Amino acid sequence: MGYTEEIYERVVAKNPNEPEFHQAVKEVLDSLKDVIDANEAAYRKVSLLERMVEPERIISFKVPWVDDNGNVQVNKGYRVQFNSAIGPYKGGLRFHPSVNQSILKFLGFEQIFKNSLTGLPIGGGKGGSDFDPKGKSDREVMAFCQSFMTELFKYIGADEDVPAGDIGVGGREIGFLYGQYKRITGLYEGVLTGKGLTWGGSLVRTQATGYGLVYIVNEMLAAVNDSLEGKTAVVTGSGNVAIYAVEKATQLGAKVVAMCDSNGYIYDENGINLDAVKEIKEVKRGRISEYVDYVPTAVYTAGKGIWNINCDLFLPCATQNELDLDGAKVLVANGCKLVAEGANMPTTREATEYLKENGVLFMPGKAANAGGVATSALEMSQNSQRLSWTFEEVDAKLLQIMKDIYAKTADAAKRYGHEGDFVAGANIAGFEKVAEAMMAQGIV
Ligand code: NDP
């Protein structure tokens, strides 16, 4: 048995009941096989893979808070500090009822390689809670965030661990978390990213993941002498990543005809009216079904199935494992040419393989959605310098970072004989830098 297979078996045995974590480790290890085989003796000598698949630390804690009826609620809180070889832990906080240790370990593990790919000095981490902000009052969300931070503040810091937003954690939540951190520590420092513009946030951070996704799609198309102009796109989700992916794709000439939330999807043959979606989702915190009140010619369909809509480009921007093999088969049958993951691991392993085998250009999330964390790192730089860069400056840096990620990913795939396999390329390019740093730093 090879080193990568051995490590995968060890991960499954030592981390029972963590299927998402197993899935993420398997995908990475499988695509690193050639690199690892080529350096097996050196890596085995220092147990490099054993150390890489084990988080440096997992903090788990209770989060008690009082709801609007005066009842005490208790949620679970976590921070997974996975790997700090190339910089302070960096990764989002997710507030969603599905959050558990397996999901946060998969996200934290992926984050190590994604952050490495950005070329910026940030390690990998992830955190969150099974708290559901949906349907809660602002006061309840504040009470929860304050209680969450009252425990978390002990383990984070501008040079130690810098959380950001993710599903269920947007500007409102980051504000409440930051306020409580400042109150407890007395420090006004860049300990969280995704902050508001008047209190240390960076321009473009809100747009960064969605814009970055479209920038890398543009690179993928340019490499085959094509462009976004005139393409029909489907973007799943209707949250932060999805909204700004639609905005940039539309600016670059594509027509986005469908979006969704966890209840259903909308189809608008004339192209999505993004002002309506922003009002529904960012202002009213409503459901995507309300879109037909703004655009009566659009069609709302309850339930799953957004992949049934014909498109050239499919950009999954909602959540993990949303696109399965059946969905991928429909996309291929309908002539879809490109899938790029705005969300983390939205495509199942079988679906990914099917898309690649059938000639669909496929970019994995750790490369395609890295624009968010990259711009978070730019926010950290501005906080350290006590400066704010203009929108144009940050956007230009984001564009360059996404071009570099595309180039590194394509190059790494080619070097190991997997030309055009961006899953392999992203994993290899991300791994090489972290492995080198871990080898240099000794057994820690
Ligand atoms: P948001 O909470 O802003 O939006 C998530 C969207 O996905 C919502 O529209 C939500 O609908 C929808 N959704 C969730 N679960 C499902 C489901 N099972 N089926 C269909 N739709 C669903 O999150 P973000 O936009 O921030 O994050 C989306 C993804 O992108 C996540 O995988 C996240 O990890 C990843 N990501 C985010 C980054 C960022 O900067 N924000 C950076 C890199 C990756 P509903 O309202 O019904 O729940």
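Going by the numbering used here, the sequence shown opens with residue 591, and the numbers climb by one from there. Heads up, the beta-carbon is just placed ideally off N, CA and C, and yes, glycines get one too. Since the structure is predicted, the reported quantities are computational estimates derived from the model, not experimental observations.
Item                                                                                                                                                               : Value
Taking only the alpha-carbon atoms, compute the straight-line gap between residue 631 and residue 620 and give it to the nearest angstrom.                         : 18 Å
Considering only residues of the same chain and omitting the five flanking positions on each side of residue 911, which have a CB-CB separation below 6 Å?         : 938
Could you give the distance in angstroms between the alpha-carbon of residue 704 and the alpha-carbon of residue 888?                                              : 37 Å
Beta-carbon within less than 6 Å of residue 727's beta-carbon, same chain only, minus the 5 sequence neighbours each way: which residues are those?                : 658
Given the structure, does residue 709 come close to ligand 1, in the sense that its CB is under 7 Å from one of the ligand's heavy atoms?                          : no
According to DSSP, simplified to helix, strand and coil, what is residue 822?                                                                                      : strand
Check the C-beta distance from residue 806 over to residue 782 and give it rounded, since I have them as a contact under 8 Å.                                      : Not a contact, Cβ separation roughly 26 Å.
Near residue 842, what residues of its chain come up, given a Cβ to Cβ distance below 6 Å and the 5 sequence neighbours on each side ignored?                      : 818
Taking DSSP as the reference, what is the three-state secondary structure of residue 1005?                                                                         : helix
So the beta strand (DSSP E) residue 647 belongs to, where does it begin and stop?                                                                                  : 647-656
I'd like to know whether the C-beta atoms of residue 700 and residue 671 end up nearer to each other than 8 Å.                                                     : no
Comparing C-alpha positions only, which one of 873, 746, 604 and 767 sits nearest to residue 733?                                                                  : 767
So, residue 760 versus residue 683, is the Cβ gap smaller than 8 Å?                                                                                                : no
Take residue 639 and list the residues in its own chain whose beta-carbon comes closer than 6 Å to its own, dropping the five residues that flank it on each side. : 597
Which runs of the alpha helix (DSSP H) at least 4 residues long sit entirely within the segment 828-878? Give them in chain order.                                 : 830-841 and 864-868
By the 10 Å Cβ neighbour count, where 16 or more other Cβ atoms means buried, how is residue 923 classified, buried or exposed?                                    : exposed
Here's the rule I'm using: 16 or more other beta-carbon atoms within 10 Å means buried, otherwise exposed. How should residue 789 be labelled?                     : exposed
Does DSSP put residue 777 in a helix, in a strand, or in coil?                                                                                                     : coil
Note down, one range per segment and in chain order, each beta strand (DSSP E) of at least 3 residues found wholly within the segment 905-937.                     : 928-930
Are three or more beta carbon pairs between the segment 818-827 and the segment 969-976 nearer than 8 Å?                                                           : no
Give me the DSSP bridge partner(s) of residue 756.                                                                                                                 : 759
Buried or exposed: where does residue 835 fall if 16 or more other Cβ atoms within 10 Å of its Cβ makes it buried?                                                 : buried
On a CA-only basis, which of 1015, 1032, 936 and 1026 is nearest residue 623? Give me that one, please.                                                            : 1015
Under the DSSP definition of a beta bridge, which residues are partnered with residue 671?                                                                         : 647 and 715
With DSSP as the reference, identify every bridge partner of residue 699, one or two as the case may be.                                                           : In the DSSP output, where bridge partners are listed per residue, residue 699 has none listed.
Hey, does residue 609 have any beta-carbon neighbour from chain C nearer than 8 Å?                                                                                 : Among the chains of the structure shown, chain C does not appear; only one protein chain is present.
Residues in the same chain with beta-carbon distance under 6 Å from residue 692, minus the five sequence neighbours each way, listed in chain order, please.       : 608, 610 and 611
Please list the terminal residues of the continuous beta strand (DSSP E) segment that includes residue 953.                                                        : 951-953
What residue range is occupied by the uninterrupted alpha helix (DSSP H) comprising residue 729?                                                                   : 728-742
How long is the line joining the alpha carbons of residue 750 and residue 717, rounded to whole angstroms?                                                         : 14 Å
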